[in-house]
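Below: the structure, in structure tokens.
2 protein chains.
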Amino acid sequence: MKPGESVASSRDVKLHALILAGGGGTRLWPLSRRSKPKQFLREFSGEPLITDTATRLHPVVPAARTWVVAGMSHEAGVREALPHLGAHLVREPMARNTAPAIALGVSAIFLEDPDAVVAVLPSDHHIGKPDRFRAVLAAAGQVAAERGMLVTLGIVPDRPATGYGYIEFGATLGRVLAAEAFDVKRFVEKPTAAKAVELLKSGNYLWNAGVFVFRARDLLEHLDKHLPELGKGLADWRAAAPDAREEIAFRVFEAAPSISFDYAVMEKADKVAVVPASDVDWDDIGSFRSLARVNPDDRGGSATAKDVVSIDAHGNLVHAPGKTVALVGVSDLIVVDTGDALIILPRARAEDVKQVVDELARRKRDDAL
Amino acid sequence: MKPGESVASSRDVKLHALILAGGGGTRLWPLSRRSKPKQFLREFSGEPLITDTATRLHPVVPAARTWVVAGMSHEAGVREALPHLGAHLVREPMARNTAPAIALGVSAIFLEDPDAVVAVLPSDHHIGKPDRFRAVLAAAGQVAAERGMLVTLGIVPDRPATGYGYIEFGATLGRVLAAEAFDVKRFVEKPTAAKAVELLKSGNYLWNAGVFVFRARDLLEHLDKHLPELGKGLADWRAAAPDAREEIAFRVFEAAPSISFDYAVMEKADKVAVVPASDVDWDDIGSFRSLARVNPDDRGGSATAKDVVSIDAHGNLVHAPGKTVALVGVSDLIVVDTGDALIILPRARAEDVKQVVDELARRKRDDAL
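Sequences listed follow chains P and B, in order. Numbered according to our numbering, the first sequence spans residues 10 to 378. Numbered according to our numbering, the second sequence spans residues 10 to 378.
Structure (structure tokens):
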């Protein structure tokens, strides 16, 4: 039995996907821009990352149960990437971080399917082994459906990363389909480097990848408890006539705190489980280091270009489509060229793209951001 | 008295300029290409270098006494850069290094002005102080005219360069106008690094910049002596009817050795003088290091771009017109972007552009060369 097929046997779980496309990231500048955040980039697979995010879930989550929450400015991009979305594109009236966005999306799903089990997913991650990912997601859906728990997916760490939150897992809840579920003891915020080494060593921690699975009705109950004003506002939203909802959503968001779902709900809820997502080849494409996945060359680097001539040059990540690139005596650099902009920095400083973006903002180079 | 004016007093010397535009250099790839060698680049002054080469000589050499020897493939480029050249563009039938090219050019000048004094000049050098250069050239012209000597200009070395030939100078021939002339003891080929240090220390050596001044008739006599077959062929060429000359030139060049003027004539001639060209701010733009002259920035580098954001980055020479460039944590790099091609290499390895060009040739990337 293939992992994808195992789900068909869990007849009662109708998994919906709620994809969050609110990001405005510039961590991959100049590839990503304010107007073209990471989820729309085609550079990693040929398709926009958000398209990959949706299609890799089939058939566990078919297109008919796929939803996206996105800000107004990204609506056109989302429609282009997912042309069959129809009414399942939920408009975020304004940016208020993930808690209000997820709450609104789940409210919309609940209206259509009160028994829905919802998988919340970032729109811009890479999953190298989608078969295995679907199996893990199906297992998480099963736990959520049967136990009424809020379930997170936990990525098995392979290095002491400081860029992610960690999840300490406790007692096993047993095997579920092709995976295993555990109680969550606690969530740990992004650690220092020393702390991260400690967490990795202990073997009791997983990375929080921002993937959550729960029954829609359970989430709405948690909302009433932990964010009662937002909960009440969205209850009004659901009760209102469809053509009144846009205005209500606007007022609800205006009044809502800008707060993350992890912090506002997951860390406060009881009955939280985690399903380790082992061997899914996950990458949040949080920096240009992920270019190493794309067109790897025989010099420990990668080359997306018309031609790359390397002389005494190794480990360079080159992204310059259509261009002839010559590298002499330089190693472990990231070189990204988009025609109008060029960035060069060591792989070890991939995160410092942020400083470049900050400086461009300071220079009021809105045209380049 | 300004240097430029000193010449007017030497009434009898009618200096002609013979500019050699035969280069096909790719030392500045991807800026220079086979079809656009260095002499046509506008990146260093806004004008093609060959245009600068001609105009900086005015009024010592007016446009009416300016000549160019160029291969067929560069004729259009020369005409564009020097639109008033007319019949003073001498076509090199094929590449045979500098001796045949200069001999042909001097033959053409001799036909128009048997008393001509000719200054031979490379077409693609930078001279930061043209006033001073004109004064030195006028002095060299005076020595050539009065003494019938072959005169070279010698650049006063400021470092133990291994990329140039050296000239050992001997006894003074006295002050001439605003300069001083010396006997040449010998020419030294491009030295090793150790040898170059020795030459620099001794204080008796100057760089051979490829600038030669002589009476046309003296050169033709030297030719008969040192390259008799070429000398005879060009005598026939001069004696022939104008419309027969193209074919004769072709045959003469076909039979001629491919040999440098330095080696074939200057090193063998007696009566050779040198005029030190001190303080002319000479640069042969032999590598991308010369970019440091263009748009110097406050970080020890240079920036020709729409915008350069440097974070922990110093001494970088950036040439990427119209582009936003971000450099993080990289120093002393040369970064040259031409839209279709990009090169990145340390300043210390500027000469290794040659290796890139060789590799592109090996890959049969004629489109990029």
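Positions of the beta carbon are idealized from the N, C-alpha and C atoms, including for glycine.
Within chain B, the residues whose beta carbon sits less than 8 Å from that of T333(P) are P39, D349, A350, L351, L369, R374, A377, listed in sequence order. If one requires a minimum length of 3 residues, the beta strand (DSSP E) runs lying completely within the stretch 186-260 of chain P are 188-197, 214-224, in chain order.
By alpha-carbon distance to D233(B), the top candidate from A108(B), T35(B), L369(B) is A108(B). With contact defined as three or more Cβ pairs closer than 8 Å, the stretch 178-196 of chain P and the stretch 147-157 of chain P are in contact.
Taken atom to atom, the span from the alpha-carbon of A153(B) to that of P355(P) is near 57 Å. Pairing R247(P) with A117(P), the inter-Cα distance amounts to about 8 Å. I353(P) sits away from R298(P), with the two beta carbons spaced by 9 Å or more. Using a Cβ-Cβ distance cut-off of 8 Å, the stretch 309-320 of chain B and the stretch 334-341 of chain B are in contact, since at least three pairs of beta carbons, one from each stretch, lie closer than that value. Between the alpha carbons of A322(P) and D361(B) lies a distance of about 13 Å. At a beta-carbon threshold of 9 Å, none of the residues of chain B lie near D307(P); the nearest stands roughly 15 Å away. K45(B) has R42(B) as its beta-bridge partners, per DSSP.
The CB of R42(P) never comes closer than 7 Å to any CB in chain B; the least such distance is about 11 Å. If one requires a minimum length of 3 residues, the beta strand (DSSP E) runs lying completely within the stretch 90-121 of chain B are 98-101, in chain order. Secondary structure at K363(P): helix, using DSSP grouped into helix, strand and coil. For L342(B), the enclosing beta strand (DSSP E) covers residues 342-346. Boundaries of the beta strand (DSSP E) around T75(P): 75-80. By the 16-neighbour rule on beta-carbons within 10 angstroms, T201(P) is exposed.
Only exposed fits E238(P), as fewer than 16 other CB atoms lie within 10 angstroms of its CB. The residues A225, in chain order, have a CB closer than 6 Å to that of F119(P) in the same chain once the five nearest residues on each side in sequence are set aside. Runs of the beta strand (DSSP E) lying entirely within the stretch 110-175 of chain P and spanning at least 3 residues, in chain order: 126-131, 159-164. Proximity of chain P to R356(B) at the Cβ level (cut-off 7 Å) is not reached, the minimal Cβ distance being about 10 Å. Contact check between the stretch 118-134 of chain B and the stretch 24-40 of chain B: three or more CB pairs, one atom from each, fall below 8 Å, which counts as touching.
Going by DSSP, I59(B) is part of the alpha helix (DSSP H) stretching over 58-64. Residue pairing by DSSP places A264(B) in no beta bridge whatsoever.
Positions of the beta strand (DSSP E) runs, each at least 3 residues long and wholly inside the stretch 274-335 of chain B, are given as 281-286, 311-320 in order along the chain.
Proximity to S41(B) across R372(B), K373(B), V366(B), R371(B) peaks at V366(B), based on C-alpha coordinates.
Per DSSP, reduced to three states, the secondary structure at E177(P) is strand. Residues of chain B with a Cβ closer than 7 Å to the Cβ of D233(P) do not exist; the shortest Cβ-Cβ separation is about 47 Å. Of F223(P), E230(P), A301(P), D307(P), the smallest CA-CA separation from Q151(P) is found for F223(P).
Per DSSP, the unbroken beta strand (DSSP E) holding L24(B) starts and ends at 24-29. Here R65(B) is buried. Its C-beta has 16 or more other C-beta atoms within 10 Å.
With a threshold of 16 other beta carbon atoms within 10 Å, T62(P) meets it and is buried. Between L50(B) and chain P, the shortest Cβ-Cβ separation is not below 9 Å.
At a cut-off of 9 Å between beta carbons, V152(B) makes no contact with chain P.
In this structure F270(P) is not in contact with L215(P), their Cβ atoms being roughly 17 Å apart against a cut-off of 8 Å. For the 9 Å CB-CB criterion, I111(B) and L228(B) form a contact.
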